[in-house]
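Chains as they are written, first to last, in the numbering used here: chain A, 627 to 1252; chain B, 627 to 1252.
For glycine and all other residues, C-beta sits at the position ideal for the given N, C-alpha and C.
Number of protein chains: 2
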Amino acid sequence: MQYYLNGFHPGDPVMSPSRAGHAGILRPDLPDEVDVLIVGCGPAGLVLAAQLAGFPSITTRIIERKPGPLQLGQADGIACRTVEMFEAFGLADQLLNEAYWVNETAFWHPDPAAGGITRTGRVQDTADDLSEFPHVIVNQARIHDYLLRSMQRSQTHLSPEYSLDFRALTVDPTADYPVTVTLHDELADAPLTIRARYVVGCDGARSKVRKSIGRELHGTTANHAWGVMDILPLTDFPDIRFKSAIQSADAGNILLIPREGGYLVRLYVDLGEVTEASRTVVHAMTAEDVLAVANRVLQPYSIEAAETVWFSIYEVAQRVTDAFDDTAGRGGDPHVFIAGDACHTHSAKAGQGMNVSMQDAFNLGWKLAAVLRGLSDQTLLHTYSSERHPIAQELIAFDREWSAMMASAPDPAHGGVGSEELEQYYVEHGRFTAGVATRYRLSPLTDSDAAQSLATGLEIGTRFHSAPVTRVADGRQVELGHAARADGRWRLYLFAGQDEEEVFELCRWLTEAPTSPIVRHTPQRADIDDVIDVRAVFQRSHDDVELGALPRLLLPRKGRLGLTDYEKTFSAVTKLARDIYAARGLDRTTGCMVVVRPDQYISTVLRLQDRDELAEFFDSVLLPQR
Amino acid sequence: MQYYLNGFHPGDPVMSPSRAGHAGILRPDLPDEVDVLIVGCGPAGLVLAAQLAGFPSITTRIIERKPGPLQLGQADGIACRTVEMFEAFGLADQLLNEAYWVNETAFWHPDPAAGGITRTGRVQDTADDLSEFPHVIVNQARIHDYLLRSMQRSQTHLSPEYSLDFRALTVDPTADYPVTVTLHDELADAPLTIRARYVVGCDGARSKVRKSIGRELHGTTANHAWGVMDILPLTDFPDIRFKSAIQSADAGNILLIPREGGYLVRLYVDLGEVTEASRTVVHAMTAEDVLAVANRVLQPYSIEAAETVWFSIYEVAQRVTDAFDDTAGRGGDPHVFIAGDACHTHSAKAGQGMNVSMQDAFNLGWKLAAVLRGLSDQTLLHTYSSERHPIAQELIAFDREWSAMMASAPDPAHGGVGSEELEQYYVEHGRFTAGVATRYRLSPLTDSDAAQSLATGLEIGTRFHSAPVTRVADGRQVELGHAARADGRWRLYLFAGQDEEEVFELCRWLTEAPTSPIVRHTPQRADIDDVIDVRAVFQRSHDDVELGALPRLLLPRKGRLGLTDYEKTFSAVTKLARDIYAARGLDRTTGCMVVVRPDQYISTVLRLQDRDELAEFFDSVLLPQR
């Protein structure tokens, strides 16, 4: 955590000064013209808003049809990759403190001897070194709260405009503000028009923004129904505080998810495929009806609700749109995007929906910011749909397979899925459900893998996997990946080989050479790390790295006061046995440099000598500034 | 973190429900009669207030002469033991996130060859396994903020009454509210009288409460002066982000403390003994004068202030009062107490003042609550002065020695202290400065050490030293010591030996026997863990502990809804190599039980069979309730 760069201010250090003492949420006037209009205050919309709120030069507004923030229910699973993203927003601490941690997942199957169910095993939920963070569970409403607070703390102090309903939009690509949006103000009961450079529909499965750009969800027509309830239980089921996948012999199946606070539990009760004939019956089910189904599954155990906090019957099909913007496959640069449930719908069984939605937004946010800040060309925006659409397709395919396995009859002798098979599939797909299996394909943003062999564990196209290092300036053990904040900057990690002088020389070139990407792409009055943030990792102990001998780029003077930033340089000789060079497959002899995108995905791995390739890469994604 | 025990509520889970949506700080009417009146909103006063705010049956008020909360300056060192205490208040996470971590301390001495100063070494600041928390640094004002927030979140939503000046008090031990206090309302410019059962003076070195009970500070008459400044520095000093003890050949010495946020630094510049003759000169020194002294010490390096955030010249003598209440050594039960700087003053060199002050308050808080709630006899209150006075004396003795060493000429050949000697002394006293060397002497609260040999690493009279364990109900690795919250409860840790049945039997006896301390000392309608909170640690893996087979005491049903608390039982087979049984010197064969006070100090260690001794101990500190 760094702050006070531009001078000390009393009070909450993560609250920007001009906001200090200002607590109420007022509804400011909506301007006629905005840079970005976000439709919908779900997880995708709020991540996008939290990202854009950090740029005072960008005018962002986020609108929501409902009259206020979400209070209850909906999603609750937070994958490791999402916690990593929350860390970049400065929100991981409170999330980890409040949330339930999924440590092991229990599997329950029919007990052939005694009848009822029996535990067949527990598996470690997250493999060792999959992420520095655990898989956690917390109410979606709290996720919204965290993101809303992040927006409030930001330089623009953005807050949502509630009771504003999206109705329609038109696009005129030749206009300064190409998108004209018609809204309905529910408070004034009056129509409202706003013009935007970009509109992002984060307005859910029934997205009106999606319809307005003529995109449709495609996929299965069969709908699957679930009874979902958050209860404070009274039960003798012994794994009530473990995530449990429970299959009964003939009463159906349950996914049980312990929740934050030590008492609350969520049950997903499978109500099967919904037909036109059964729909009315299924949707008439009460919480008591669903709990009765759960009790039949749980035999010989029983469960009752001391309090039912939230209950819903929902049905879902596996569907995905053909593209995530208004122009993909049609020609022209996009001005309207969709994200989250507006693009993909599927079951809740793998806990993926909220996570993939937020990663959609994290992918799009920095790209919109880069274009609006004049750092990148607007062609960059094409990569949103081309990168995220395949991810949604993978998700749908996974969900189809996993849901079928969970719903199938439990006895493999009768064509169903056995407990071992289910557990094995779960473990094998752990990287996927943790959100760290995402790998973007070759594109302007994901470079060829010429030097991948120098860092085999930092795979190009995947998220930069953190590892513990020691900060040279203060000897503190930190996570290298946490140097990256959700601030729209590119990161260039320099891993020193045996010859440290190579890093020093590269830093001097980066600072001085007219062809250096930092010189070329950093605006005149900006700090030297404003566009590309360079971090160096040395193999020597931090005590042996002489601070005074470091190049200026690694001790940059920044901000209004020209203060020195001491947090650019790290040492990989940690107290932990696991060494980053070994854990990430780095070549100790030659070292390398790793280019990481603002959303923390690895764009390329290069040799420390590959200056031309580095310059060329950044030329392809950033505009010259001088 | 446990919550929702009495039902779910939306919003911030650590904010009590009735407070939800209530943001402003109003000045409520001060009642004529209160249980506890705390004078002074420093660290001691606020810890006491935060502790008492958790008891809705106790009427507490805290007053402060100044018009509002502290904004800047004063103390900044937070010892490991203090972070442990903050954890019990639910405040450690944000503190750790914001604060500077003291990882190593650097020592600088005169360079005999080149002149100026040179680094003689860096030492690890906190020994391995001294605490689960680091030694950190953060502005005292932030410490106040955390505690104020804790008060606001509590059931009583306590907030300070500012602009109220303490003037005088009288005590009539026979009255219901024995202490009559005269205040002056600075806002109304009018006197005010309030009656209290207990008054606690946390009103600093010039304490008027202390004077009103006829106590005086005794000690050295020689005052030592320091120039203290928080600056945003521009410097070439390479250890600017390490805590550094810097002794120059003849220009004096500095203690340099990096501060939170990565840029801010505090300098303590030694200005020597103050005589009547020199006082005027010393106090006329400006920030520039003090920085000039610092620059002479730092040669060949230099430092300037891009911004001076806070500056003060202060002088201090090593002094301590003869007792911490109104009756010690005089007869009768105490009604007026003093804590913190009101009791002890000393240099800032060892970073002890704020920490010892807060520990004073943590010692007193639960005792006042126990007496006011009718759980303990008021004779318990005698132990505050008898326990904390010796701690203050130890502190003064340490400070005298350490300050003298720091101030002495650096060359041992000329009678001063050598760099090695200084470093060695610093390391040897690491337990003391971390706040974990405190050991309360034999008293009703600190029992004889008959079974100390069963847990050699959990020394009777010292704080309960946490260790990592696995929670049985959800397989999560947690710190055993973090089960203890600042809630006034006693903790009884049952460490199972090879025969687990002993623990089960003991639990049944604790639940059912008329002579059980839980049966005897828990009020009728209270939860079973309301006075004595039992936690069990088994040596088997958590996967091998059958939840359904646990005794009722380890799965107690609590609260309005009768929900089951699943967080009482732990397993000591952790993924970490260090095992609690080994690390804390526990006897694996026989096990033991450890009684821990509400302020986390170990009262006694007993064999699991020692039921009579257990009952006897609690009879000596708790009143019968039925």
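Chain B contact residues for residue i, given Cβ-Cβ distances below 9 Å
i          : result
A/Tyr-772  : Going along chain B, no residue has its Cβ under 9 Å from A/Tyr-772, so there is no contact; the nearest lies around 10 Å.
A/Asp-1170 : Simply none; closest approach about 11 Å.
A/Pro-786  : Chain B residues near A/Pro-786: none, gap ~16 Å exceeds 9 Å.
Chain A contact for residue i (CB, 8 Å cutoff)
i          : result
B/Tyr-894  : no
B/Ser-644  : In this prediction, B/Ser-644 scores a pLDDT of 45, lower than 50, which makes its location untrustworthy; the coordinate-derived value is nonetheless stated afterwards. Closer than 8 Å: no.
B/Pro-682  : no
B/Asp-1225 : no
B/Pro-1177 : no
B/Pro-960  : no
B/Pro-1016 : no
B/Pro-884  : yes
Interface partners of residue i on chain B, CB under 7 Å
i          : result
A/Ala-1099 : Arg-867
Any C-beta of chain B under 8 Å from that of residue i
i          : result
A/Trp-734  : no
A/Asp-829  : no
A/Leu-1173 : yes
A/Pro-799  : no
A/Pro-1149 : no
Neighbour-count burial assignment, residue i, 16 or more Cβ in a 10 Å radius
i          : result
A/Arg-748  : buried
A/Thr-1195 : buried
A/His-844  : exposed
B/Ser-683  : exposed
B/Gln-1050 : exposed
A/Gly-955  : exposed
A/Gly-1114 : buried
A/His-972  : buried
B/Leu-813  : exposed
B/Gly-650  : Reliability of the predicted coordinates at B/Gly-650 is poor, the pLDDT of 34 falling under 50, and the value obtained from them is presented with this limitation in mind. By the 10 Å Cβ count, B/Gly-650 comes out exposed.
A/Ala-1241 : buried
A/Glu-690  : buried
A/Gly-957  : exposed
A/Leu-1106 : buried
B/Asp-865  : buried
Integer Cβ distance of residue i from residue j, believed to fall under 8 Å
i          : j          : result
A/Leu-1234 : A/Gly-1211 : At roughly 17 Å, the Cβ-Cβ gap does not stay under 8 Å, so A/Leu-1234 and A/Gly-1211 are not in contact.
A/Arg-707  : A/Gln-985  : 7 Å
A/Trp-992  : A/Gln-1251 : Going by Cβ atoms, the distance from A/Trp-992 to A/Gln-1251 rounds to 17 Å, so no, they are not a contact pair.
A/Ala-949  : A/Thr-934  : So it is not a contact: roughly 41 Å between Cβ atoms.
A/Ser-1197 : A/Val-1104 : Actually they are not in contact, since the Cβ atoms of A/Ser-1197 and A/Val-1104 sit about 11 Å apart, beyond 8 Å.
A/Val-1273 : A/Trp-1116 : No information on residue 1273 of chain A is available, as it lies outside the stretch 627 to 1252 that chain A covers here.
A/Thr-808  : A/Pro-817  : 6 Å
Neighbour list for residue i in chain A, Cβ cutoff strictly below 7 Å
i          : result
B/Glu-1193 : Gly-888
9 Å Cβ cut-off: residues of chain A touching residue i
i          : result
B/Leu-1187 : Leu-858, Leu-860, Tyr-889, Ala-932 and Glu-933
B/Pro-1182 : Going along chain A, no residue has its Cβ under 9 Å from B/Pro-1182, so there is no contact; the nearest lies around 12 Å.
Contacts of residue i in chain B (Cβ-Cβ under 8 Å)
i         : result
A/Pro-864 : Glu-1172, Leu-1173 and Gly-1174
C-beta neighbour in chain E for residue i, strict 8 Å
i         : result
A/Glu-758 : Of the protein chains in this structure, namely A and B, none is chain E.
heavy atom of the ligand ATP below 7 Å from residue i C-beta
i          : result
B/Ser-1197 : In the structure shown, the ligand ATP is absent, as is every other ligand, since no ligand is present at all.
Compile a chain-ordered list of the residues in the segment 921 to 945 of chain A whose CB is closer than 7 Å to at least one CB of chain B.
-> Ala-932, Glu-933 and Val-935
Under 7 Å (Cβ pairs) to chain B, residues found in the segment 726 to 759 of chain A = Along the segment 726 to 759 of chain A, going in chain order, the ones with a CB nearer than 7 Å to a CB of chain B are Trp-727, Asn-729, Glu-730 and Arg-748.
Positions along the segment 1069 to 1102 of chain B whose CB lies within less than 7 Å of some CB in chain A | Ala-1099, Asp-1100, Gly-1101 and Arg-1102
Check each residue of the segment 696 to 714 of chain A: if its Cβ is closer than 7 Å to any Cβ of chain B, include it; give the result in chain order.
-> Cβ contacts with chain B come from Gln-697 and Leu-698.
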